[in-house]
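Some notes on the structure that comes next.
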Amino acid sequence: MVYPWDLCFSVANSEMRGYVPGYQLLTPTSLAEALSMLANEPGVWKTFAGGTDLMVLLEAGRLQHSNYINIWSLDELHQIQVTENHITLGALTTYTEVQSNPILRSEFPMLCQAASETGGLAIQNRGTLGGNIVNASPAADSPPALLAYDAEIELTSTKSSRWIPYHGFHTGYKEMQIEPNELLTRIRLPRQTSNCLHYYRKVGTRKAQAISKVCLAALGRQEDTRISDIRIAFGSVAPIVIRCVSTESQLRGKPFDASTMKLARESLIKEIAPIDDIRSTAAYRLRVAANLLVDFLNDLQSS
Ligand SMILES: Cc1cc2nc3c(=O)[nH]c(=O)nc-3n(C[C@H](O)[C@H](O)[C@H](O)COP(=O)(O)OP(=O)(O)OC[C@H]3O[C@@H](n4cnc5c(N)ncnc54)[C@H](O)[C@@H]3O)c2cc1C
């Protein structure tokens, strides 16, 4: 599998860059206008947010679609709202904004860590959470954290606005439940993370500017030396970022002993389906994923 930002490293060798005059980029002045453009000519317009994935494709001569709506200047999609039960992030929230938000830092540290390990500063200033979700790379770094935090996403068209659980949004490799006339407008996180252990590990070739070989975001609570609440989400081990619900249900209520650790490894290996690709092998990913899960359980035990 090759992801857009893999292409960064091959652009220099590509024979053909995208021919810029062949593309159209229009900038609506309001969300309503953007939605009308999508509704009036279904499938003609696609969204251009931070452009950090799309520009790589353009440079590599692989940007197939020609007409884009530039949503960057839509204030409605940049806002962060906090209520007693939720924090709601506009789809254009950047990685830099994620890291500097005090509520995200204290209650959703895995999302902040994912943001801090995404690309370099330029990408963090421009790349958005909405773009990361809809780009739908199985190796993306914020989706495992969003899955573990039970995020919901809002999809908006001229006709309606619907909130759906993020878990289930991706239905297959680069396939997802968004209609051509819809924009992803907001991401909502329930503020239910108190007394939880938050465990986020991105394993890549380097500490910075690396694409994940395996990424785990896990959240857990222990009660009376047993696992009481557990959420496990992985990136780079399946065609989509996945929540390991079967392993979660097998582990809930179990004590922290050797047989639980064995069960965790066995269950996880059945639930994920990593592949060999240019970054790693399936065997390495299986082993590292299982080791990370056990490491998380050990941390949870001593938390
Ligand atoms: C050098 C480099 C390093 C990178 N490193 C990482 C990394 O470490 N981890 C990682 O996860 N990613 C990484 N990326 C990928 C990229 O930065 C992220 O996926 C980013 O979040 C994409 O957001 P964007 O706003 O730039 O998306 P865009 O490029 O604007 O769009 C991406 C896709 O999403 C669609 N889209 C965007 N916003 C919306 C919306 N609101 N509604 C509907 N559709 C929408 C677009 O139509 C397009 O198909 C890297 C990219 C580069 C170039």
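If you count the sequence shown from 1, you need to add 1290 to reach this note's numbering. Note that beta-carbon positions come from the ideal geometry of N, C-alpha and C, so glycine has one too. None of the values given here were measured: they were computed from a predicted structure.
Proximal residues to I1393 (C-beta, below 7 angstroms), its chain only, five neighbours per side dropped: Position 103 of the sequence shown, counting from 1, holds the residue named residue 1393. Correct list, in chain order: V1372 and I1377.
DSSP three-state assignment for L1382, whether helix, strand or coil: Translated into positions along the sequence shown, residue 1382 becomes position 92. L1382 falls in the coil class under three-state DSSP.
Spatial distance of R1511 from I1359 (CA atoms): Sequence index remark: in the sequence shown, residue 1511 carries index 221 (1-based). Sequence index remark: in the sequence shown, residue 1359 carries index 69 (1-based). Between R1511 and I1359, the C-alpha separation is close to 43 angstroms.
Excluding sequence positions up to five away, which residues of its chain have a Cβ less than 8 angstroms from the Cβ of E1538? On the sequence shown, position 248 is the one that residue 1538 refers to. So the list reads I1520, R1521 and I1522, once near-sequence residues are dropped.
Taking only the alpha-carbon atoms, compute the straight-line gap between L1582 and V1388 and give it to the nearest angstrom. Here the question's residue 1582 lines up with position 292 in the sequence shown. Here the question's residue 1388 lines up with position 98 in the sequence shown. Going by the C-alpha atoms only, they are around 25 angstroms apart.
Ligand 1 heavy atoms versus the CB of S1432: any closer than 7 angstroms? Locating residue 1432 in the sequence shown gives position 142, where the first residue counts as 1. True, at least one ligand heavy atom lies under 7 angstroms from that Cβ.
In angstroms, rounded to a whole number, what distance separates the CA positions of E1407 and P1434? Here the question's residue 1407 lines up with position 117 in the sequence shown. Here the question's residue 1434 lines up with position 144 in the sequence shown. Each residue's alpha carbon lies about 13 angstroms from the other.
Simplified DSSP assignment, three categories, for E1510: In the sequence shown, the residue the question calls residue 1510 occupies position 220. Checking the displayed sequence, the identity of residue 1510 turns out to be Gly instead of Glu. Three-state result, G1510: strand.
I need the boundaries of the beta strand (DSSP E) containing R1491, first residue and last residue. Within the sequence shown, numbered from 1, the residue matching residue 1491 stands at position 201. Looking at the DSSP string, the run of the beta strand (DSSP E) that includes R1491 is L1487 to V1493.
Does the distance between the C-beta of I1413 and the nearest non-hydrogen atom of ligand 1 fall short of 7 angstroms? For this step, residue 1413 is matched to residue 123 along the sequence shown. Checking the Cβ of I1413 against ligand 1 gives yes.
Quick one: which unbroken beta strand (DSSP E) runs of 3-plus residues sit fully inside the segment 1305-1389? Chain order, please. 1314-1316, 1336-1338, 1357-1360, 1370-1372 and 1376-1380
Is V1424 a contact residue of ligand 1, with contact defined as CB to any heavy atom under 7 angstroms? For this step, residue 1424 is matched to residue 134 along the sequence shown. Checking the Cβ of V1424 against ligand 1 gives yes.
What are the start and end residues of each continuous beta strand (DSSP E) run of 3 or more residues lying completely inside the segment 1419-1491, in chain order? 1442-1446, 1451-1455, 1460-1462 and 1473-1480
Can you tell me where the alpha helix (DSSP H) with A1572 in it begins and where it stops? Here residue 1572 refers to the residue found at position 282 when the sequence shown is read from its first residue. Taken as a continuous stretch (DSSP letters only), the alpha helix (DSSP H) holding A1572 covers A1572 to Q1591.
CB of I1370 to nearest heavy atom of ligand 1: below 7 angstroms? The sequence position of residue 1370 within the sequence shown is 80, counting from 1. Incorrect: I1370 has no Cβ contact closer than 7 angstroms to ligand 1.
With a CB to CB cut of under 6 angstroms and the five nearest residues on each side skipped, what residues in its chain are close to Q1467? As a working mapping, residue 1467 is identified with position 177 in the sequence shown. Answer for Q1467: F1459, listed in chain order.
The beta strand (DSSP E) with I1501 in it runs from where to where? Translated into the one-based positions of the sequence shown, residue 1501 becomes position 211. Neither: I1501 is in no beta strand (DSSP E) and is coded neither H nor E.
Terminal residues of the continuous alpha helix (DSSP H) containing S1406? On the sequence shown, position 116 is the one that residue 1406 refers to. It spans P1399 to S1406 - the alpha helix (DSSP H) in which S1406 sits, taken as one unbroken run.
On the DSSP bridge list, what partners appear for A1523? As a first step, residue 1523 must be located in the sequence shown, where it is residue number 233. DSSP, once it has assigned bridges, lists A1507 and R1533 as partnering A1523.
Give me, in chain order, the residues of the same chain whose beta-carbon lies closer than 6 angstroms to that of Y1463; leave out the 5 immediate sequence neighbours on both sides. Walking along the sequence shown from the start, residue 1463 turns up at place 173. If we look at Y1463 and ignore the five residues flanking it on each side, its Cβ neighbours are P1529.
From the DSSP output, which residues share a beta bridge with I1517? The count along the sequence shown starts at 1 and reaches residue 1517 at position 227. Answer is Q1512, bridged to I1517.
Sub-8 angstroms separation of V1578 and K1497 beta-carbons: Stepping through the sequence shown from its first residue, residue 1578 is reached at position 288. Stepping through the sequence shown from its first residue, residue 1497 is reached at position 207. Contact flag unset, no.
Can you tell me the Cα-Cα spacing of R1569 and P1428, whole angstroms? Position 279 of the sequence shown, counting from 1, holds the residue named residue 1569. Position 138 of the sequence shown, counting from 1, holds the residue named residue 1428. Going by the C-alpha atoms only, they are around 13 angstroms apart.
Say whether the segment 1451-1458 touches the segment 1409-1421, bearing in mind that this needs 3 or more beta-carbon pairs closer than 8 angstroms, one atom from each stretch. no
Integer Cβ distance of A1580 from R1555, believed to fall under 8 angstroms: Numbered from its first residue, the sequence shown carries residue 1580 at position 290. Numbered from its first residue, the sequence shown carries residue 1555 at position 265. Right, the Cβ-Cβ distance comes to about 4 angstroms (below 8 angstroms), so this counts as a contact.
Helix, strand or coil, according to DSSP, for P1564 in the structure here? As a working note, residue 1564 is residue 274 in the sequence shown. In the structure shown, P1564 sits in coil (DSSP, three-state: anything other than H, G, I, E or B).
Excluding the five sequence neighbours on either side, which residues of its own chain have a C-beta within less than 6 angstroms of the C-beta of A1405, listed in chain order? Taking the first residue of the sequence shown as position 1, residue 1405 is located at position 115. Hits under 6 angstroms: Y1385, V1388 and Q1389.
Within 7 angstroms: the Cβ of I1361 and any heavy atom of ligand 1? As a working mapping, residue 1361 is identified with position 71 in the sequence shown. The answer is yes for I1361.
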